[in-house]
Amino acid sequence: MEKFRKLTSIVAPLDRANVDTDQIIPKQFLKRIERTGFGEFAFFDWRYLEDGVLNPDFILNEDRYRGANILAGGRNFGSGSSREHAPWALMEMGYKAIISTSFADIFRNNCMQNGLLPVILEEAEVDTIMARALRGTGYKVTVDLDSQTVKDDLGLNANFDIDPFRKNSLMAGLDDVGVTMEFSKEIDMYEGRQKKRW
Amino acid sequence: MGKTMFEKIWDQHIVAEPEDQPALIYIDLHLVHEVTSPQAFEALRLTNRKVRRPDLTISTVDHNLPTDDTRSEVIKDPIARIQVDTLRKNCEQTGITLYDVDSTAQGIVHVIGPEQGYTQPGMTIVCGDSHTSTHGAFGSLAFGIGTSEVEHVLATQTLRQRKPHTMEVRFNGKLKQGVTAKDMILAAIGKMGTAGGTGYVIEYTGDAIRHLDMAGRMTVCNMTIEAGARAGLIAPDDTTFEWMRGRKFVPKGEKFDHAVDQWRALVSDEDAVFDTLIEIDCDDLEPFVTWGTNPGQVTRITDNVPSPEDFDDIADRTSAENALEYMGLKGGMAIEDIEIDRVFIGSCTNARIEDLRSAAQIVRGRTVASSVRAQIMPGSTLTKLLAEKEGLDQIFMEAGFEWRESGCSMCLGMNPDILVPGERCASTSNRNFEGRQGKGGRTHLVSPEMAAAAAISGHFVDVREWDTE
Ligand code: SF4
């Protein structure tokens, strides 16, 4: 997993509530057995027109948001299906952090397992970021995981919470399985106790 | 202070609680299917790790299996075929039991777990599928996980979890004829919203829950995730134990009695306190129909489709606007006036034998409207065989329904069963998201009874007014 420390980038705004994982990566693209190859299909139904050309009306297709590494989304982002293909697809699109007022549980977990940082801010703060990203070209924010802040050049200075264990894993680029493997003895002991119980 | 059922199960499964880390929870049963597992097995291979407990892991193929009679042959869609074959190879290499297409135990993963008796009270159960919450109907702590977590469970048989908050959703009163478990949970989601349960484990209580059969309880727990909560539980009782008795992997004889004693002890203590309480009155509940593109956009059969102006909150208003446009509906029109093209009775929400029986009651001696294509995909092969033994397949086919093989099918449209753009479907599944049943497809979530009645009428109707003998 890639480390996440500090990121300054253009913000791409997706001002919709309840963006579900069926939208992020439609089911017809879930059939791959690799972790890669999902990016071009992200937001497929919104992003492309019938004949496969980019839909000019879909906001993330606009030139001014090209190359953005930060996505701002509406509340309850990532609801629905547990498919981890959703964060994989978003990361392949180039996103490394997503800012919203709230995320669905499984999606948020899945993001953090892959080094995609979900940032929860207050409604007013997300509104500010969204409005500034919608209004101008080249609007940037800096997400700093160490200090747990999001800042821009126009005076925004927002703090966010994150589970300290997750923060540590993200900053060090650690995967969970490796950390848990160090508890093999405890797992053995638990299994031993269970055998006796039944 | 007493403990809730959730807290009891949680405490029994703590392997370690390292400082500054989420707890390490032991997983008793891991269910695996073809779509969310290949990358997890691949990661194990790359890191030279083994499946720790293949004996606590079972798998089946359900998500992209065709439901016509070609399914035992080579799957036509080459990419789906690779996924199914990959699961076969992975199970063979790791010693995990696979209920393949030729097994009577094959079926939707959340239908076969209980059916075979794998699902038992007090267990922790996970699966790379958000509707794992279904198994909570037995008083097990069951929730969906992503593929990285699937890998974690395969390798360690544990999961890292912060302890969630607890919520009681109490269904008071008694359901009227024609109103079902599906309507209870749709009413709850309508009230809570699709994020109302985020961060919580829900326990469903109250008289109306106690009177539900196991299929109904599974329907309620199944859709817990649509309210944003990952797990929903119902206290096990005699209904639970009688339903379980004699199933293949349930303990037998004295062992069963002993197990029942332990299971009874799981229920929430009387003085247990939940962090939040929501109450729903079931006396006046009506059949519900979703009108929008998430399960919280739902209303009663006797109501009208709402207009965006009916919502105070701006985000809700925009959502309603988008939803109405996508669904091709106008605010203010009566739900009963919505005409449908397709009917899907299936999915892990409502394709158990009890659901098929209820739908057959409505369909018996009637004919599907000529404008409607109606299909039934039983939840498992065993369910299908049982239904055929009872003659339900005849009732459905005589009425003009297609009687198909089991699988997820049109719940998520990964196999060839999908809606074409603009088609409108009365569906017993759990998600009405844009494109879920096929790009441009329009999904309305309803109970099996309501879906059956809509198939006959060609539009939504109040099934309470129908005679069944
Ligand atoms: S029936 Fe639908 S909800 Fe259930 S497991 Fe299959 S795809 Fe998921």
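From first to last, the protein sequence lines stand for chains S and Z. The numbers in our numbering rise by one with no breaks, and the one at position 67 of the first sequence is 67. Just add 1000 to the spot in the second sequence (first one is 1) and you have our numbering. Even for Gly, the Cβ is constructed at its ideal location relative to N, Cα and C.
Boundaries (first-last residue) of the beta strand (DSSP E) holding residue i
i, result
"L1029 of chain Z", "1029-1032"
"P1448 of chain Z", "Looking at the DSSP string, P1448 of chain Z is not in any beta strand (DSSP E); the run it does join, the alpha helix (DSSP H), is 1448-1457."
"F41 of chain S", "Element bounds for F41 of chain S: n/a, residue is neither H nor E."
"I70 of chain S", "70-73"
"F183 of chain S", "Careful: F183 of chain S lies outside any beta strand (DSSP E) and carries neither H nor E."
"I217 of chain S", "The first residue shown for chain S is 1 and the last is 198, placing residue 217 of chain S beyond what the model contains."
"T1276 of chain Z", "1276-1281"
"I1376 of chain Z", "1373-1376"
"Q1161 of chain Z", "1158-1161"
"K151 of chain S", "149-151"
"G1144 of chain Z", "1141-1144"
"Y1026 of chain Z", "1023-1026"
"L1098 of chain Z", "1097-1099"
"T1239 of chain Z", "Taken as a continuous stretch (DSSP letters only), T1239 of chain Z belongs to no beta strand (DSSP E), being part of the alpha helix (DSSP H) at 1238-1244."
"V1051 of chain Z", "Counting along the chain, V1051 of chain Z falls outside any beta strand (DSSP E), and DSSP gives it neither H nor E."
"I1418 of chain Z", "From DSSP, I1418 of chain Z is part of no beta strand (DSSP E); its letter is neither H nor E."
"I1125 of chain Z", "1124-1127"
Three-state secondary structure (DSSP) of residue i
i, result
"I1112 of chain Z", "helix"
"H1444 of chain Z", "strand"
"S1427 of chain Z", "strand"
"W88 of chain S", "helix"
"W46 of chain S", "helix"
"Q1012 of chain Z", "helix"
"W198 of chain S", "Residue placement at W198 of chain S is poorly supported in this model, since its pLDDT is 43, which falls under 50; the coordinates still yield a value, given next. DSSP places W198 of chain S in coil when its eight states are reduced to three."
"V1220 of chain Z", "helix"
"K17 of chain S", "Here residue 17 of chain S turns out to be Ala, not Lys, going by the sequence shown. If DSSP states are grouped into helix, strand and coil, A17 of chain S belongs with coil."
"T137 of chain S", "coil"
"I1058 of chain Z", "strand"
"C1348 of chain Z", "coil"
"A1231 of chain Z", "strand"
"G1107 of chain Z", "strand"
"N157 of chain S", "strand"
"R1317 of chain Z", "helix"
"Q28 of chain S", "helix"
"L54 of chain S", "strand"
"W1466 of chain Z", "coil"
"E1402 of chain Z", "strand"
"N1322 of chain Z", "helix"
"R1342 of chain Z", "strand"
"N1172 of chain Z", "strand"
Bounding residues of the alpha helix (DSSP H) (the contiguous stretch that carries residue i)
i, result
"F1041 of chain Z", "1038-1046"
"L1386 of chain Z", "1381-1389"
"V1250 of chain Z", "Per DSSP, V1250 of chain Z belongs to no alpha helix (DSSP H) and is neither H nor E."
"I1189 of chain Z", "1181-1192"
"V1368 of chain Z", "Segment: none, V1368 of chain Z is in no alpha helix (DSSP H) and carries neither H nor E."
"D1207 of chain Z", "1207-1210"
DSSP bridge partner residues for residue i (one or two, in chain order)
i, result
"R1300 of chain Z", "Z:F1288"
"M1167 of chain Z", "Z:I1202, Z:T1276"
"I120 of chain S", "S:S100"
"R1081 of chain Z", "DSSP output for R1081 of chain Z lists no bridge partner at all."
"F77 of chain S", "S:F103"
"M167 of chain S", "The identity of residue 167 of chain S in the sequence shown is Lys, whereas the question assumes Met. Paired residue(s): none; K167 of chain S is not in a bridge."
"I10 of chain S", "S:K140"
"A1334 of chain Z", "Z:N1304"
Below-8 Å beta-carbon distance, residue i vs any chain B residue
i, result
"S1133 of chain Z", "Given the protein chain composition of this structure (S and Z), no chain B is represented."
Contact test: residue i Cβ vs the ligand ATP heavy atom, cutoff 7 Å
i, result
"S1347 of chain Z", "Although the ligand ATP was asked about, the structure shown includes only the ligand SF4 as ligands."
Residues from the region 1407-1424 of chain Z in contact with chain S, defined by Cβ distance under 7 Å:
Identification of residues in the region 1407-1424 of chain Z having a C-beta nearer than 7 Å to some C-beta of chain S yields L1412, G1413, M1414, given in sequence order.
Output, in sequence order along the chain, the residues in the region 71-96 of chain S whose CB is closer than 7 Å to any CB in chain Z.
Within the region 71-96 of chain S, the qualifying residues are G74, R75, N76, S79, G80, S81, S82, R83, E84.
If contact means a Cβ-Cβ distance below 7 Å, which residues of the region 102-113 of chain S contact chain Z?
For the region 102-113 of chain S, the set of residues with a beta-carbon nearer than 7 Å to any beta-carbon of chain Z comprises S102, A104, D105, I106, N109, N110, Q113, in chain order.
Residues of the region 1194-1215 of chain Z whose Cβ lies closer than 8 Å to any Cβ of chain S, in chain order
Of all residues in the region 1194-1215 of chain Z, T1194, A1195, T1198, G1199 have a Cβ within less than 8 Å of some Cβ in chain S.
Under 9 Å (Cβ pairs) to chain Z, residues found in the region 175-196 of chain S
Within the region 175-196 of chain S, the qualifying residues are D175, D176, V177, G178, V179, T180, M181, F183, S184, E186, I187, M189, Y190, E191, Q194.
Closer than 8 Å, Cβ to any Cβ of chain S: which residues of the region 1008-1027 of chain Z, in chain order?
Residues of the region 1008-1027 of chain Z that bring their beta carbon within less than 8 Å of a beta carbon in chain S comprise V1015, A1016, P1018, D1020, Q1021, P1022, L1024, Y1026, in sequence order.
For the region 1258-1271 of chain Z, which residues have a beta carbon sitting closer than 8 Å to at least one beta carbon of chain S?
Cβ contacts with chain S come from no residue of the region 1258-1271 of chain Z.
Give the residues from the region 47-58 of chain S that approach chain Z closer than 7 Å (Cβ to any Cβ), ordered along the chain.
Correct list: empty, as no residue qualifies.
Closer than 8 Å, Cβ to Cβ, to anything on chain S: give me those residues from the region 1152-1186 of chain Z, in chain order.
Within the region 1152-1186 of chain Z, contact with chain S at the beta-carbon level (separation under 8 Å) is assigned to H1152, A1155, T1156, Q1157, T1158, R1160, R1162.
According to a CB-to-CB cut-off of less than 7 Å, which residues of the region 1287-1314 of chain Z neighbour chain S?
Listed in sequence order: N1294.
Against chain S, which members of the region 1085-1108 of chain Z pass a CB distance test of less than 8 Å?
For the region 1085-1108 of chain Z, the set of positions with a beta-carbon nearer than 8 Å to some beta-carbon of chain S reads T1086 in chain order.
Chain S contacts made by the region 1115-1131 of chain Z, where a contact means CB separation under 8 Å
Those residues of the region 1115-1131 of chain Z placed with their C-beta closer than 8 Å to a C-beta in chain S are G1128, D1129, S1130, ordered along the chain.
Proximal residues, the region 1437-1457 of chain Z versus chain S, C-beta separation under 7 Å:
Contact residues of the region 1437-1457 of chain Z toward chain S are K1439 (C-beta to C-beta distance below 7 Å).
Anything in the region 23-41 of chain S with a Cβ closer than 8 Å to a Cβ of chain Z? List those residues in chain order, please.
Within the region 23-41 of chain S, those residues whose Cβ lies closer than 8 Å to any Cβ of chain Z are, in chain order, Q23, P26, K27, Q28, L30, K31, R32, I33, E34, R35.
Chain S contacts from the region 1140-1152 of chain Z (Cβ-Cβ distance under 9 Å)
So the close ones are F1143, G1144, I1145, G1146, T1147, S1148, E1149, V1150, E1151, H1152.
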